[in-house]
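> Protein chains in written order, with this note's numbering: chain A, 26 to 296; chain B, 243 to 319.
Built from N, CA and C at the ideal position, the CB exists for glycine as well.
Structure representation (structure tokens):
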């Protein structure tokens, strides 16, 4: 009996010792050196880390000039990865927020060159290129983004929007159709797919997509306006007029959309 | 006299434009100013010192997300 108790205690002690060893924290040694280049490298590394903290804090409170100053200093150090591409990415956000979109795009190109799989940098470069009106680069980056992340919702959406802006309705149709497969309840994607269908002359498909968008979001004024436009083109004037009327009443705060809807409605009434 | 003539011409032009808009057969859908694409999404968030491969990089996760909400895409506007 005593033997059994002793064996059990030994076994428990062995397990406890193993667990304790596994949880023991072994601190990594603090790098100590008197070598001047190494000391300099350590100082630069520390400065980069601290400037990241200050720069991100500045971005969080919208102090873009301070953020630009911090991240420009980091970039000047040409830090290794991932800090090199990350500093350029963060610098681009600060540039974009003060309207320096060309500089922002240049930093994002540099970030992607350092880290070719940097999806967030590609996403932001497409958005900034759209602001700059550089649809050629936006579409090239969007193609690369979707090749790397074929199911990414942002990649497909961005690709579709820049295709619509560039007048390539077929590419927009493909992108939004793919996006809808995984996001069937995303009303905006149905609206933009409807626009692509209008441009391709497929009015029945456009009407269906605008209708789906409205069934998902009944007060979606822009989709209602688009539906009215298709109905008008099909000669369904009473339905079109009702759609424009409803679009005008749903256009909360969007005076341009409201005015267009009212003008369309009144134009039908005047005839 | 000239003012009255100008006003009359302007009114006639406006009425003509309104009738043309209401005429479905003459309505150019592909060029309609009403049909504008949705907006581009907002820029993704800044990234910390640890980089995009850090364990909790919000921006990189959003860029790769398959769902529109996780990706930070615009809601209907």
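So is residue 268(B) buried or exposed if we call it buried at 16+ other beta carbons inside 10 Å?
Counting from one through the second chain, the residue named residue 268(B) turns up at place 26. Its pLDDT being 46, under 50, residue 268(B) is placed unreliably in this model, and the value from its coordinates should be taken loosely. Answer is exposed; the Cβ neighbour count stays below 16.
> With 16 as the cutoff for other CB atoms within 10 Å, does residue 5(A) come out buried or exposed?
Because residue 5(A) is not part of the residues shown, which for chain A are 26 to 296, the question remains open.
> Does DSSP put residue 254(A) in a helix, in a strand, or in coil?
As a first step, residue 254(A) is located in the first chain; it is residue number 229 there, counting from the start. In the structure shown, residue 254(A) sits in a helix (DSSP, three-state: H, G or I).
> Under a three-way DSSP split, which group does residue 107(A) fall into?
For the purposes of this step, residue 107(A) is taken as residue 82 along the first chain, with counting starting at 1. Reduced to three states, the DSSP call for residue 107(A) is coil.
> Nearest CA to the CA of residue 177(A): which residue from 59(A), 205(A), 262(A) and 129(A)?
Taking the first chain and counting its residues from 1, one reaches residue 177(A) at position 152. That would be 205(A), whose Cα lies nearest to the Cα of residue 177(A).
> Please confirm whether residue 298(B) has its beta-carbon closer than 8 Å to some beta-carbon of chain A.
Position 56 of the second chain, counted from the first residue, corresponds to residue 298(B). For residue 298(B), the answer is no, since every Cβ of chain A falls outside 8 Å of its Cβ.
> Name the chain B residues whose beta carbon is nearer than 7 Å to that of residue 114(A)?
Translated into positions along the first chain, residue 114(A) becomes position 89. Ordered by position in chain B, the residues that pass the 7 Å Cβ test against residue 114(A) are 289.
> Checking contacts by CB at 8 Å: is residue 251(A) closer than that to chain B?
Walking along the first chain from the start, residue 251(A) turns up at place 226. Yes, its Cβ sits closer than 8 Å to a Cβ of chain B.
> Which bits of chain B does residue 176(A) rub up against, with CB to CB less than 7 Å?
Along the first chain, one-based indexing puts residue 176(A) at 151. Those are 308, listed as they occur along chain B.
> According to DSSP, is residue 245(A) helix, strand or coil?
On the first chain, position 220 is the one that residue 245(A) refers to. The answer is coil: DSSP assigns residue 245(A) none of H, G, I, E or B.
> Hey, could you find the ends of the alpha helix (DSSP H) residue 171(A) is sitting in?
Residue mapping note: residue 171(A) aligns to position 146 of the first chain, counting from 1. It spans 160-173 - the alpha helix (DSSP H) in which residue 171(A) sits, taken as one unbroken run.
> Can you find a C-beta in chain B that's less than 8 Å from the C-beta of residue 179(A)?
If you number the first chain from 1, residue 179(A) lands on position 154. Chain B contact via Cβ: present.
> With DSSP run on the structure shown, which of helix, strand or coil describes residue 270(A)?
Against the first chain, residue 270(A) aligns to sequence position 245. Of the three classes helix, strand and coil, the one that applies to residue 270(A) here is helix, per DSSP.
> Residues in the same chain with beta-carbon distance under 6 Å from residue 147(A), minus the five sequence neighbours each way, listed in chain order, please.
As a first step, residue 147(A) is located in the first chain; it is residue number 122 there, counting from the start. Result list for residue 147(A): 166 and 170, in chain order.
> Count the other CB atoms, across all protein chains shown, that sit within 10 Å of the CB of residue 84(A); report buried if there are 16 or more and exposed otherwise.
To locate residue 84(A), count along the first chain from 1; it is residue 59. With 16 or more other Cβ atoms within 10 Å, it is buried.
> Could you work out which residues of chain B lie near residue 211(A), taking near to mean beta carbons separated by less than 8 Å?
Locating residue 211(A) in the first chain gives position 186, where the first residue counts as 1. The contacting residues are 310 and 315.
> Where does residue 185(A) sit, in a helix, a strand or coil, going by DSSP?
On the first chain, residue 185(A) is found 160 positions in, with the first residue counted as 1. Of the three classes helix, strand and coil, the one that applies to residue 185(A) here is helix, per DSSP.
> Grab the span of the alpha helix (DSSP H) containing residue 219(A) for me, first residue to last.
By 1-based counting over the first chain, the position of residue 219(A) is 194. Here the alpha helix (DSSP H) through residue 219(A) covers 212-224.
> Taking residue 183(A) as the query, report the chain B residues whose CB atoms sit under 8 Å from its CB, ordered along the chain.
Counting from 1 along the first chain, the entry for residue 183(A) is found at position 158. In chain order: 282 and 283.
> Beta-carbon within less than 6 Å of residue 224(A)'s beta-carbon, same chain only, minus the 5 sequence neighbours each way: which residues are those?
On the first chain, residue 224(A) is found 199 positions in, with the first residue counted as 1. Taken in chain order, the residues that qualify are 194.
> Can you tell me where the alpha helix (DSSP H) with residue 89(A) in it begins and where it stops?
As a first step, residue 89(A) must be located in the first chain, where it is residue number 64. It spans 89-101 - the alpha helix (DSSP H) in which residue 89(A) sits, taken as one unbroken run.
> Given a threshold of 16 other Cβ atoms within 10 Å of its Cβ, counted over all protein chains shown, does residue 277(A) qualify as buried or as exposed?
The count along the first chain starts at 1 and reaches residue 277(A) at position 252. Its Cβ having fewer than 16 others within 10 Å, residue 277(A) is exposed.
> So what's residue 281(A) in DSSP terms, helix, strand or just coil?
Within the first chain, residue 281(A) is the residue found at index 256, counting from 1. Correct three-state label for residue 281(A): helix.
> Is residue 229(A) buried or exposed, if buried means 16 or more other CB atoms sit within 10 Å of its CB?
Within the first chain, residue 229(A) is the residue found at index 204, counting from 1. Per the 10 Å Cβ criterion, exposed.
> Checking contacts by CB at 8 Å: is residue 149(A) closer than that to chain B?
Taking the first residue of the first chain as 1, we reach residue 149(A) at position 124. With 8 Å as the cut-off, residue 149(A) counts as an interface residue toward chain B.
> Compute the Euclidean distance between the alpha carbons of residue 276(B) and residue 179(A), then round it to the nearest angstrom.
The residue you call residue 276(B) lines up with position 34 of the second chain. The residue you call residue 179(A) lines up with position 154 of the first chain. Roughly 25 Å separates the two Cα atoms.
> Check whether the segment 280-295 of chain B touches the segment 113-129 of chain A, counting contact only when three or more Cβ pairs, one atom from each stretch, lie closer than 8 Å.
Contact holds: three or more Cβ-Cβ distances are below 8 Å.
> Strictly under 8 Å for the Cβ-Cβ distance: is residue 155(A) near chain B by that measure?
Locating residue 155(A) in the first chain gives position 130, where the first residue counts as 1. True, the Cβ-Cβ gap to chain B drops below 8 Å.
> So residue 84(A) is in the alpha helix (DSSP H); what residue range does that whole segment cover?
Here residue 84(A) refers to the residue found at position 59 of the first chain. Segment 61-85, the alpha helix (DSSP H) holding residue 84(A).
> Looking at chain B, is there any beta carbon in it that lies within less than 8 Å of the beta carbon of residue 285(A)?
Reading the first chain from its first residue, position 260 is the one you call residue 285(A). Chain B contact via Cβ: present.
> For the segment 78-94 of chain A, which residues have a beta carbon sitting closer than 7 Å to at least one beta carbon of chain B?
The residues in question are 81 and 84.
> Less than 8 Å between CB atoms is the rule here; does residue 198(A) satisfy it with respect to chain B?
Residue numbering aside, residue 198(A) sits at position 173 when the first chain is read from its first letter. Taking Cβ atoms only, chain B never reaches closer than 8 Å to residue 198(A), which makes this a no.
> Can you name, in chain order, every residue of its own chain whose Cβ lies under 6 Å from the Cβ of residue 99(A), other than the five neighbours on each side?
As a working note, residue 99(A) is residue 74 in the first chain. Contacts found: 73, 76 and 112.
> Between residue 237(A) and the rest of its own chain, which residues show a CB-CB distance below 6 Å, the 5 nearest in sequence each way excluded?
Here the question's residue 237(A) lines up with position 212 in the first chain. Counting only Cβ-Cβ distances below 6 Å, and skipping sequence neighbours, we find 215.
> Less than 8 Å between C-beta atoms, sequence neighbours within five positions excluded: which residues of the same chain meet that for residue 308(B)?
For the purposes of this step, residue 308(B) is taken as residue 66 along the second chain, with counting starting at 1. The answer is none, since no qualifying residue turns up.
> For residue 223(A) and chain B, any beta-carbon pair shorter than 8 Å?
Start at 1 with the first residue of the first chain, and residue 223(A) comes out as number 198. Cβ-Cβ to chain B under 8 Å: yes for residue 223(A).
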